Amino acid sequence: MVLPTTALTISPTTGIHNWFPDGELNMSYNALDRQVDDGRGDQVAIAYHSSVGGNSRSLTYRKLLEDVSRFAGGLRELGVEKGDRVLLYMPMVPESAVAMLACSRIGAVHSVVFGGFAAKELAVRISDAEPKVIVTADCGLERDKCIPYMEAINSAIELASCDEPKVIVLRRPEGAERGIKYEMKDRDHDFLETVEKSQPVEPVPLNANDPLYTIYTSGTTGDPKGVLRDNSHAVHLKYSMSSYYSTFPGETFFAASDIGWVVGHSYIVYAPLLQGCTSVLFEGKPVGTPDAGEYWRVIEKYKVSAMFTAPTALRAIRRDDPNSEHLPEHDISSLRACFVAGERADPDTIRHFEETLGIPVVDHWWQTESGSPMCGVQFEDVGTVGGSCGLPLPGFDIQVLDPYTKQQVTEPGVLGSIAIKLPLPPGFMTTLFNNNDRYKKSYLEAFPGYYDAGDAGMLDRNGYIHIMERTDDAINVAGHRISTGLLEETVLRHPNIPECAVIGVNDDLKGVVPVALFIVSGDREGGGDVKDEVIELVREYVGPVAAMRTAIEVQALPKTRSGKILRQVIRKIANGEEYKLPGTIEDASVVDGILEVFPEGWRGK
1 MVLPTTALTI
11 SPTTGIHNWF
21 PDGELNMSYN
31 ALDRQVDDGR
41 GDQVAIAYHS
51 SVGGNSRSLT
61 YRKLLEDVSR
71 FAGGLRELGV
81 EKGDRVLLYM
91 PMVPESAVAM
101 LACSRIGAVH
111 SVVFGGFAAK
121 ELAVRISDAE
131 PKVIVTADCG
141 LERDKCIPYM
151 EAINSAIELA
161 SCDEPKVIVL
171 RRPEGAERGI
181 KYEMKDRDHD
191 FLETVEKSQP
201 VEPVPLNAND
211 PLYTIYTSGT
221 TGDPKGVLRD
231 NSHAVHLKYS
241 MSSYYSTFPG
251 ETFFAASDIG
261 WVVGHSYIVY
271 APLLQGCTSV
281 LFEGKPVGTP
291 DAGEYWRVIE
301 KYKVSAMFTA
311 PTALRAIRRD
321 DPNSEHLPEH
331 DISSLRACFV
341 AGERADPDTI
351 RHFEETLGIP
361 VVDHWWQTES
371 GSPMCGVQFE
381 DVGTVGGSCG
391 LPLPGFDIQV
401 LDPYTKQQVT
411 EPGVLGSIAI
421 KLPLPPGFMT
431 TLFNNNDRYK
441 KSYLEAFPGY
451 YDAGDAGMLD
461 RNGYIHIMER
471 TDDAINVAGH
481 RISTGLLEET
491 VLRHPNIPEC
501 AVIGVNDDLK
511 GVVPVALFIV
521 SGDREGGGDV
531 KDEVIELVRE
541 YVGPVAAMRT
551 AIEVQALPKT
561 RSGKILRQVI
571 RKIANGEEYK
581 LPGTIEDASV
591 VDGILEVFPE
601 GWRGK
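End of the sequence shown sits at 605 in UniProt numbering; the numbers just go up one at a time, nothing left out.
Have a look at this one:
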């Protein structure tokens, strides 16, 4: 490691910022070698808990270091060098973390794509990344089915417009048990044999600005953007574990996410290991694998100190177990805080789980682009604030700007665009992979001197930030700018509605009117009409200005695999516009129900 003498440089032409440009480090060394040298070799580094496969196991720091070093050697034997790309198409298994850390060990740039992505979407990412090697598995597991990965891999490689990569395949015993029998091709290599037979390699010194990974996120057009992050990311990740998540060496951190999301990169693989923690790698769902008490089992089993999940997961648990009957069966006394992010957490859900769990449930805000939290509450000092993601964290000057005048909005309750004053801190995306022009256009042009977050929000009277929705989701009703996030928060006040989405539908008179889609829980109370009750709630808490006249019960809402509701897709369907389903959609069949709700010519009638 070489300590830097320069803190920051910024390109005047591209806007790209480089932190610690003459410093050197290696993420794999800091996550593994350093921990073993400090006496943590026998501590569990990764606690793998599978609710769908049953083959849970743990890897110590010493074992993880050995596997990572050997797999890195195997990649090098296949011709992978510093700067080359390696694409991962993996389930939630420890070998996924091994592959990511092995890439960072030799300076290869990993690009993780959700296991289970359709071949066409996967091919787009292969074509963009041009990987030398693809690391995959023969299958992914769900509660009641086995997903064959190699069909998608083989089809995607044929569709991709780049040289054919070599493929390393993890053959899972659960796949064989469920009838998956993949015949290896000449280009294929066995994952476990690669680890067993390869010579271990030492970590390569890397410049702080050498790329660490790319991760693809869909823009408003649905076209994937390859967010590029460099090795300075280690600084902010390590800092956040102590200063924000309050989780310390030797403790257990549980991020109930997927390595396909940025949360999995940052807080399953990298940050907990940089901090010397045990990281829980969870393969399952918050409900249904087997029930709504699975999170509490994990917390009890691994003595989790802090956990991270999505508001949608908590709402699903509450929907399936409204009286928290599973909770008393488990000892969760080790848990000090539950952090939520990914989409806005409504105050009612926060209050319910704070009362149920007896700990702070802390909403905070960040994005794929930031790689770590940008805004949060120091819950140990001031407690949580319902509906707010708190105050800007160190390194972030977050402001609410008027989208028309570009001026700062300081009046409480006035909706504006969320922007971050430049420069951005270490670990933030540096640019888009192979596309500096799109980076500037997407993030830097709307508000000169600022990063445009693409989110709409406002301040409360205490200066706390409330992120309400994506900028595109805010609606103008007869000249009044209204937050769909506020409307959803109001709908969720209904005791029998665990999930909802509010969209803007075109209207000849008012321009746009809000329409609420909601799910009713099974334990419906009373005999009133839920639709009428929803409309009355909005009238009472938001006012007649919201002009909500339509509320529709649905069986399910289309979501991404991280739990984000696809509001833009619903809105386009309602307005009769063309739409594109993102590759991250969890269940495309749910869209059929939305099409039935909004048949052609519906237009709010």
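No residue lacks a Cβ here, since even glycine has one placed at the ideal position from N, Cα and C.
Just so we're clear, the structure is a prediction, and the values are computed from it rather than from any experiment.
Assign residue i to one of three DSSP states: helix, strand, or coil.
i, result
"H466", "strand"
"Y244", "coil"
"N575", "coil"
"I268", "helix"
"F277", "Looking at the sequence provided, one finds Cys at residue 277 rather than Phe. It is coil, neither helix nor strand."
"I126", "helix"
"K605", "Summary for K605: the model assigns pLDDT 49, below 50, so the residue's position carries little reliability, and this model does not support an answer."
"F20", "coil"
"K197", "helix"
"A208", "coil"
"N496", "coil"
"I503", "strand"
"I519", "strand"
"P224", "strand"
"R539", "helix"
"R567", "helix"
"Y216", "strand"
May I have the straight-line CA-CA distance separating residue i from residue j, to the nearest angstrom?
i, j, result
"E488", "T584", "23 Å"
"W296", "V44", "20 Å"
"D513", "V477", "Per the sequence shown, residue 513 should be read as Val rather than Asp. Rounded to whole angstroms, V513 to V477 spans 6 Å at the Cα level."
"V414", "C375", "19 Å"
"P360", "H352", "11 Å"
"Y149", "G593", "27 Å"
"E136", "A446", "The amino acid at residue 136 is misidentified as Glu; the sequence shows Thr. The straight-line gap from Cα to Cα measures roughly 39 Å."
"F117", "T410", "43 Å"
"A345", "P311", "5 Å"
"N207", "V377", "33 Å"
"V590", "V554", "10 Å"
"residue 607", "V80", "This structure gives no information on residue 607, because the portion of the chain shown stretches from 1 to 605."
"T214", "S96", "15 Å"
"S127", "G387", "41 Å"
"N496", "V530", "8 Å"
"R70", "T471", "46 Å"
"T490", "L141", "37 Å"
"V113", "Y216", "8 Å"
"K197", "G15", "45 Å"
"L557", "A574", "14 Å"
"L274", "A31", "4 Å"
"R461", "P412", "5 Å"
"T221", "E329", "In this prediction, T221 has a pLDDT of 46, which is less than 50 and means its spatial position is unreliable; nothing more can be read from the coordinates."
"E380", "N154", "50 Å"
"I398", "A456", "12 Å"
"Y245", "Q35", "20 Å"
"L537", "E130", "52 Å"
"residue 610", "G73", "Nothing about residue 610 can be reported from this structure: the residues present for the chain run from 1 to 605 only."
"L391", "I465", "6 Å"
"V93", "E193", "17 Å"
"E586", "E577", "22 Å"
"K580", "G260", "20 Å"
"P173", "A47", "19 Å"
"P91", "S56", "14 Å"
"L327", "Y267", "25 Å"
Tell me, to the nearest whole angstrom, how far the beta carbon of residue i is from that of residue j; I am working on the premise that it is less than 8 Å.
i, j, result
"R125", "M429", "Wrong, their Cβ atoms sit about 17 Å apart, outside the cutoff."
"N18", "N209", "5 Å"
"V597", "I535", "Not confirmed; about 17 Å, so no contact."
"Y89", "I147", "Y89 to I147, Cβ: 11 Å. No contact."
"D67", "V204", "Not confirmed; about 18 Å, so no contact."
Task: Segment contact flag, the region 500–507 with the region 556–567, C-beta cutoff 8 Å, min 3 pairs - done: yes
- [ ] Just list the beta strand (DSSP E) runs in the region 376–425, keeping only unbroken ones of 3 residues or longer that don't cross its boundaries, in chain order.
- [x] List check, beta strand (DSSP E) in window: 398–401, 416–421.
TODO: Assess, as a yes-or-no matter, whether the region 439–453 is touched by the region 246–256 under the definition of 3 or more beta carbon pairs within less than 8 Å.
DONE: no
Open item on the list: Would the region 99–114 count as touching the region 25–41 if we require 3 or more Cβ pairs under 8 Å?
Closed with: yes
Task: Every unbroken beta strand (DSSP E) inside the region 330–368 [3 residues or more] - done: 337–340, 361–363
Task: Uninterrupted alpha helix (DSSP H) stretches inside the region 428–468 (no shorter than 4 residues) - done: If we require 4 residues or more, the alpha helix (DSSP H) runs fully inside the region 428–468 come out as 436–439.
TODO: Enumerate, from N- to C-terminal direction, the unbroken beta strand (DSSP E) stretches of 3 or more residues contained entirely within the region 277–324.
DONE: 278–283, 304–309
Task: Validate contact between the region 41–56 and the region 159–170 using beta carbons, cut 8 Å, 3 pairs - done: no
- [ ] Inspect the CB distances between the region 234–241 and the region 426–444 and report whether three or more fall short of 8 Å.
- [x] yes
Open item on the list: Which runs of the alpha helix (DSSP H) at least 4 residues long sit entirely within the region 133–165? Give them in chain order.
Closed with: 149–159
Task: Cβ contact (3+ pairs, closer than 8 Å) linking the region 506–520 and the region 543–553 - done: Two segments are said to touch when three or more pairs of C-beta atoms, one from each, lie closer than 8 Å; by this definition the region 506–520 touches the region 543–553.
TODO: Starting from the N-terminal side, write out each stretch of the beta strand (DSSP E) that is 3 residues or longer and does not extend beyond the region 41–117.
DONE: 44–50, 57–60, 85–90, 109–114
Open item on the list: Counting beta carbon pairs with one atom in the region 49–56 and one in the region 282–289, are three or more of them shorter than 8 Å?
Closed with: yes
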